[in-house]
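Residue numbers (the working numbering), protein chains in the order written: chain S, 18 to 301; chain C, 548 to 735; chain Z, 3 to 647.
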């Protein structure tokens, strides 16, 4: 058939039409209905950024899946062999304009995704809650006054130290809402990974390394903490709940924890970015 | 790997008693050199197991006979007993904290918030136990504490002292094996 | 020039007492104990080995001498030792050797089933050895998967004690990676590359035999970890957890070293063969696309596999010799392990993917009866993927604490690799377009490859974007991604190749109905098993855990049930194999698929010398529907006398 004076295959037109309809249904569904439910949610600024990223990626990936799938399914249905005789198909070796268009289109999409990904990582999401190592480069606004909290991974529990509050240590984690928090994640033994799901934080706890991840909690509530790097027998059990509370509740909690832990604080030793603690009689 | 047998606490629902001991080397089985816990059955027999059955919604009174010398904690924070009803006692005396260097083992149920460090026997103590199960005549510390159970479930418990001699970081071998330094608490 | 078949003189020590699998096992076990004894002597006086009830030095020395015993038991040292003793170089007329000497006198290799259990230099026998060798371990790995899914039926540890579960996970992953690395190059690369390029053998037949026999050894070494309570690290073997693990870790380390050596040598062999032994007239533009896929994979194997050997050797020394390459407290770094491992690990996954591309692009033209659409594009895609695969490995460390400024670069390279991967899809779409598609079992599997890899590959886009990776790293999303690409891709391609080529290899037809049942069960239940795992990852389920949030139980139960049916579909395949090969034995035609490719122009199974005369290639293998296309090769008077290679 002819479109705009050019010979166009009717098959091609049908495929594009089917694809366009499916995409027109799928993409708005993804963006409007699925998107708000994609993880990790909106509990922190970083989590919101990740949710947006996941929504965008799903919305970009869906039409790509659809065009390939529609094309192949269409071919499988329309171009199947009929009867038992072995017939040959059309002797097409290739089509340079199609190849060129495909290469250009895929390159553009990929480069756009990479560019957008880099921009969100560095500029808008400011590290997106991921661990950045000892010298983080993607800093959120207010990182200078961030509340430092050290997350210590060990086999098989998480403990938390608060260097600006006498460096007390606690088995529980509470965070003040609305403030930039700098997690300094490290380990005392093997590699773990601190994954605060609803906050959108994931940073490996590597022995001898201070892995910094930023988060700004936006909503009150509790969040799940799990270990995301296999660390031995009780890896799946290194889980607990953390809480985001109001600033005043946080101050109260800190005071309680300091009082409860007052007697062990002298034994904890000074706060350090990394630890190589050896027990006194070094059994291992 | 065969699961060690589950051992029930003695006593009545509402108030149960658990008696455990920790030894420097178990002395028998496939790994005679390994440190280990043992648990006493309600009939008074020592069993090489760390699978414990306790009643739900009860107070569990735990007595641990600690026969091993101190290794010291990797994270000194676990020198602070937590999650107990009342204070933990070492040889009858209530202790607010234990010097982390003196810890030989820990009894910790992180999912219930319970952690109690266990004081080590002095290196030069006389009459140290060499083969499990150890008797009251041999050098030991007695640690007692009480914790409360809630609803039914299975919780893991472990030692936090890197006491696995010969394994890098002290956390291999017995520290990663059920029946030695790790166990399960079935709250039934 | 006629050939006369001459019976090879029977050698000394034939039968059960000859150099075969049995003597290999006996000498291997004996070597292990001898080595362990030596290791015990070496370890005397080293305090750090006291009290652990394991002597890593003894175990490694045991494995080392066990390997030597295994290889000696198969007869690998016979020829080198004989040469050292002054024997003249092989004139190819000795027993057990098969070659066509320039005067076209052919020595028949001894027949019978015994040759599959020996060192053989017939590449076709090696191909079949590989098929069953990796196949058996693949099914053992699959059985592990069934055990894993059984545990995941409940959110608490129920089926296996916690430590045992992690070992099962590690065994499953490691066994699968080790065995599927040569899933296609092993059986089908060895068997068909010479046939497809018009050669009689691979470049290095004895090395080829070595690459095969290292594989069951590595599988047995890995399985021996069970005797030592397994290993707790999963297939990635991260240090420092690797350093504190019990003796089963040593089995993992040694098995991986053996596989890495085997991979490097397979790559070397195939590379040399393809570069130097193509028949006259077989220009690069006429090379079958499967052979291009093998070529690209061979490059990766040769360059990446040695890195794994170094990585594992350092781990071995950390465990046995008290070094601290990977221990931060001793001045080393866990990052060294992560980077070295993934520098191998990422090309490794393309070693898994590329042969799949080669197979499906080989099969699609045959059953669409059209030329391969965009041949040059396909080649560019494969070589592009191979090249870029060395530049992306840090995407496994995005949240590990690497320098944050590196991340945009690796995000870019990882995204870029989807461009050449996309070429393969364009090739597929173009080849199907206006074809005459026949839905045979190989074609069904090849088509399923594209559906599965589409989802698997595009889920990689999520993982390559760093903010999205923060959500999904270390979760079941990653699991779903790589199962879609490796199992949905490579394993489906393996079955496509099996149904396609087994008639040629065995001379026997496989049952088509059973094949279709196998396909549909596998395809449907594969997707039902793994697609929900994307959701599980999004819903906060980390990898390698036997305990998870209770609200995920329904999802996990659904996945486990689907997995059981998926496992059952494999039994149908095995049943088909046994039924068709052992009981029915319906002879296969020479060219049941009406393919133009060179390997289909010889008998099923091919004669031991492959071609009576080395063919002169006259056209590409995909010229279906092309008017007046010349036949693919000249086997007659124009064919080259054997002197031409």
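Every residue, glycine too, gets a C-beta built ideally from N, C-alpha and C.
Which residues does DSSP list as the beta-bridge partners of residue i?
i	result
residue 259 of chain S	S/240
residue 273 of chain S	DSSP output for residue 273 of chain S lists no bridge partner at all.
residue 736 of chain C	This structure gives no information on residue 736 of chain C, because the portion of chain C shown stretches from 548 to 735.
residue 212 of chain S	S/219 and S/243
residue 191 of chain S	S/260
residue 37 of chain S	DSSP output for residue 37 of chain S lists no bridge partner at all.
residue 629 of chain C	C/662
residue 599 of chain Z	DSSP lists no partner for residue 599 of chain Z.
residue 608 of chain C	C/564 and C/693
Could you work out which residue in the options is closest to residue i when comparing CA atoms only?
i	options	result
residue 173 of chain S	S/296, S/210 and S/61	S/210
residue 503 of chain Z	Z/491, Z/516, Z/466 and Z/608	Z/608
residue 63 of chain Z	Z/43, Z/209, Z/179 and Z/48	Z/43
residue 344 of chain Z	Z/395, Z/296 and Z/332	Z/395
residue 237 of chain S	S/114, S/249 and S/265	S/265
residue 579 of chain Z	Z/614, Z/509, Z/615 and Z/567	Z/509
residue 267 of chain S	S/91, S/249, S/193 and S/62	S/193
residue 625 of chain Z	Z/158, Z/471, Z/439 and Z/375	Z/375
residue 199 of chain S	S/225, S/295, S/162 and S/274	S/162
residue 356 of chain Z	Z/253, Z/331 and Z/390	Z/390
residue 586 of chain C	C/579, C/578, C/580 and C/595	C/595
residue 126 of chain Z	Z/221, Z/309 and Z/610	Z/610
residue 697 of chain C	C/560, C/550 and C/634	C/560
residue 711 of chain Z	Z/176, Z/194 and Z/586	Outside the displayed range of chain Z (3 to 647) lies residue 711 of chain Z, so it cannot be described from this structure.
residue 572 of chain Z	Z/296, Z/47 and Z/143	Z/143
residue 297 of chain S	C/554, C/728, C/719 and C/667	C/667
residue 609 of chain C	C/578, C/626 and C/565	C/565
residue 179 of chain S	S/49, S/270, S/110 and S/79	S/270
Taking 7 Å as the threshold (C-beta atoms), are residue j and residue i in contact?
i	j	result
residue 237 of chain Z	residue 250 of chain Z	no
residue 655 of chain C	residue 674 of chain C	no
residue 191 of chain S	residue 262 of chain S	yes
residue 44 of chain S	residue 70 of chain S	no
residue 96 of chain S	residue 437 of chain Z	yes
residue 466 of chain Z	residue 416 of chain Z	yes
residue 710 of chain C	residue 570 of chain C	no
residue 52 of chain S	residue 215 of chain S	no
residue 482 of chain Z	residue 532 of chain Z	yes
residue 382 of chain Z	residue 291 of chain Z	no
With a 10 Å radius around its C-beta and 16 neighbouring C-beta atoms as the bar for buried, classify residue i as buried or exposed.
i	result
residue 278 of chain Z	exposed
residue 58 of chain Z	buried
residue 27 of chain S	exposed
residue 3 of chain S	This structure does not reach residue 3 of chain S, given that chain S is present from 18 up to 301, and the question cannot be answered.
residue 136 of chain S	exposed
residue 705 of chain C	buried
residue 166 of chain Z	buried
residue 592 of chain C	exposed
residue 103 of chain Z	Bear in mind that the predicted position of residue 103 of chain Z carries a pLDDT of just 33, short of 50, making it too unreliable to give a figure here.
residue 120 of chain Z	buried
residue 103 of chain S	exposed
residue 682 of chain C	exposed
residue 90 of chain Z	exposed
residue 101 of chain S	exposed
residue 159 of chain S	exposed
residue 152 of chain S	exposed
residue 397 of chain Z	buried
Report the CB separation of residue i from residue j in whole angstroms; it is logged as a contact under 8 Å.
i	j	result
residue 203 of chain S	residue 292 of chain S	7 Å
residue 428 of chain Z	residue 119 of chain S	5 Å
residue 185 of chain Z	residue 128 of chain Z	At roughly 15 Å, the Cβ-Cβ gap does not stay under 8 Å, so residue 185 of chain Z and residue 128 of chain Z are not in contact.
residue 473 of chain Z	residue 148 of chain S	With a Cβ gap of about 14 Å, residue 473 of chain Z and residue 148 of chain S do not count as contacting.
Which residues in chain B sit within 9 Å of residue i, going by Cβ to Cβ distance?
i	result
residue 246 of chain Z	The question asks about chain B, but that chain is absent: this structure's protein chains are S, C and Z.
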